[in-house]
Structure formats: C-alpha cells, structure tokens
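According to this note's numbering, the stretch in the sequence shown is residues 1090 to 1373, in order.
This report concerns only the one structure given below.
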Amino acid sequence: MKKILILGKNGQVGWELQRTLATLGQIQALAYPEIDLASQTSLKNALLALQPEIIVNAAAYTAVDQAEHDKERAQAINATAPGLMAEFARRTGALLVHYSTDYVFNGQGNSAFAEDMATGPLNVYGHSKLLGDQLILESGCRHLILRTSWVYGLRGRNFLLTMLRLAKEREELKVVDDQIGAPTWSRLIAEATAQAIARPHPLEGLYHCTSSGETSWHGFTAAILELTHQQRTREPRLTGIPSSAYPTPAQRPGNSRLSCTKLAVEGGIALPHWREALALCIAQ
Ligand SMILES: NC(=O)c1ccc[n+]([C@@H]2O[C@H](COP(=O)([O-])OP(=O)(O)OC[C@H]3O[C@@H](n4cnc5c(N)ncnc54)[C@H](OP(=O)(O)O)[C@@H]3O)[C@@H](O)[C@H]2O)c1
1090 MKKILILGKN GQVGWELQRT LATLGQIQAL AYPEIDLASQ TSLKNALLAL QPEIIVNAAA
1150 YTAVDQAEHD KERAQAINAT APGLMAEFAR RTGALLVHYS TDYVFNGQGN SAFAEDMATG
1210 PLNVYGHSKL LGDQLILESG CRHLILRTSW VYGLRGRNFL LTMLRLAKER EELKVVDDQI
1270 GAPTWSRLIA EATAQAIARP HPLEGLYHCT SSGETSWHGF TAAILELTHQ QRTREPRLTG
1330 IPSSAYPTPA QRPGNSRLSC TKLAVEGGIA LPHWREALAL CIAQ
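Now the structure itself:
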C-alpha cells in the first residue's frame, strides 16, 4: 500500500479526501496545529518522518480578504510550503497533488480560461497561489495540480452554508450578479483526485477541475433557495447587485470560467453540471 499524506484534513476538500482516498493507500492525515505550513521546520520534519509516496496538499490560506493585510503568511502557506513539498517530491520521487484557483487569472473577457493561458491575479491570495503553482511546476517533481473554483460543501466556511443561514435570518438577500464561475462541490474534487491517482500511472500535470456550466453568485443563491425552500417557513427576497455595490478588501475576477476540456480528454474525468452537483450535495 502506498503511503499517502493528506494535509489540511479539516478543510472542505481535505475532509472529503480522507474518505475518497481511504481505499488507495495507507493514509496519514494532518491538520494545524499537528503541522504548521507557515513553519518550514514543521513541514520538513513531517515529510522526513512520514516519507509519503503521495502528498495531497489540501491545506491553504483561503481567507481571501484577510490575505490583503497578511501577505507574508499567505505567501508562506500558499507558496513557500508547496515549494518545499515539491522539493521533497523531486528528491524522493513522490507524487505531489496540489489545488489551485481561478483567482490566478485576471477575470477579463467572457470565455473560459485554459491551463496555458496568461495568468494575472488581482489580489494577494491569487498571487500567493500562483507562486505556489509556479514553484511546483519549476521544481521538476511529479505533480498533479487541480485548479478549481467556488468550492462549497457540507462543512467549513462556504457560500452554501452561509446562504442557508442568511436565508433564515434575513428578509432580503442582496447577492453579486456580475461575477461568473462554476460552483464546485468539495466532494467531487476529492472524487476527481481519487480517480486521477488510482490508475497504475497517475495523471500528472496542470488541469482545470470545476463543475460544468456557469452561473453568478446570484444564480447560485437562487438555486440554493429553490432546492431548500421546504426547510423554511418564509422565503427571503433575492436581489442581484453589481460587485461595485459590495466592496471587499480583495478585488475578485468578473470572469472565473475555467475550461476543463484537458481533464476530460487526457484524464477521462468530468465533473457534473454545478446545478446537478448542488442538488446531490443538498440531498446529503
Ligand atoms: N474555497 C474555495 O472557494 C476555493 C476556490 C478555488 C481553489 N481553492 C483551493 O482548494 C484547496 C482547498 O480549499 P478548501 O476550500 O478546502 O479550503 P479550506 O476549507 O479553507 O481548508 C484549508 C485548510 O488549510 C488549513 N490550514 C490553513 N493554514 C494552515 C497552516 N498554517 N498549517 C496547516 N494547515 C493550515 C486550514 O486549517 P484551519 O481549519 O485550522 O484553519 C483548513 O483546514 C486550496 O488549495 C484552495 O486554495 C479553494
């Protein structure tokens, strides 16, 4: 059995990975403070002690707005740490599985970004994640980078759970309708990961991996309300607003569409339409 190390086991994706990877090897799953990715010593010690053959890094500094004022920490966790993992993987021949984001792009235009298109992050989080990708790609290690978007799930801090709470508390929900992307269930990202590494020759390279279809945060909210209306005694009013009416410390891309054709063609992996996946998640 291969030794598989999952980092960030309590995060949205990390939590799901513990189950989906369970049949593929001998799992070691760690979370902060057992391991602190902001500390190079902590990470190096864990890698040396555990000697994983597959490292699955689902840990990240994901507080996008907070990162604007916490650049060094975001960079340490999202760039320096994956760089060290890549260095370990290159030396030992381990496979490094890592997750990246639509926020590495500048959000211009209205067509989907492919893996080989120019990046141009608009915020500190996006910059730190892009640097992490680059350090892995330049290291020469065996790697699988899955770039995903708008992650939600059954636990953790995410848009679905926030909207379900606000729908009960508020009479009106005002939600941004000019950012377009694909909401993606963390469980399906974990399933795609398992499918990619379960084969005799695991999939390697940089791939976009989101649900198919597209919507705005407003459209996502409308679907959430529609699929859960039986849970409430009254429905909130839903109003679309432009991003300019909801200022945040970090600028967000207007166009977060990622083309997942490469993953489908080379990996035979395609995530269902975001609406179908949302219905499955809510049914859980
Ligand atoms: N969330 C999204 O919408 C989104 C979109 C695109 C890409 N991604 C990428 O997808 C991957 C998984 O995201 P996610 O949504 O599952 O993230 P998440 O739910 O925020 O989980 C991230 C995990 O990383 C852990 N972590 C943070 N700092 C750490 C440190 N110094 N040492 C060790 N662990 C630390 C967190 O621990 P604590 O719980 O203790 O803080 C948390 O459990 C990330 O690479 C992220 O960049 C996410």
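Built from N, CA and C at the ideal position, the CB exists for glycine as well.
Quantities reported herein were computed from a predicted structural model and do not represent experimental measurements.
Counting C-beta atoms within 10 angstroms of its own C-beta, G1097 has 16 or more neighbours from the protein chains shown and is therefore classed as buried. Counting only the Cα atoms, L1119 lies some 36 Å from A1311. Apart from the 5 residues on each side of it in sequence, G1245 sits with its Cβ closer than 7 Å to the Cβ of G1100, Q1101 in its chain, given in chain order.
Under the three-state reduction of DSSP output, A1168 falls in the helix class. Looking only at T1251, T1304, D1205, the smallest Cα-Cα distance to F1194 is reached by D1205.
Q1140 and R1108 have their C-alpha atoms spaced approximately 21 Å apart.
Taking the CA atoms as reference points, E1315 sits about 41 Å from L1184.
Between L1277 and L1367, the gap from beta carbon to beta carbon reaches 8 Å or more. When secondary structure is reduced to three states using DSSP, F1194 falls in the coil class, being assigned neither helix nor strand. Bounds of the alpha helix (DSSP H) holding R1364 are 1363-1372. If you ignore the 5 residues before and after E1260, its C-beta comes within less than 7 Å of the C-beta of P1325, R1326, all in its own chain and listed in chain order. One Cα belongs to S1128, the other to N1212, and the distance between them is close to 23 Å.
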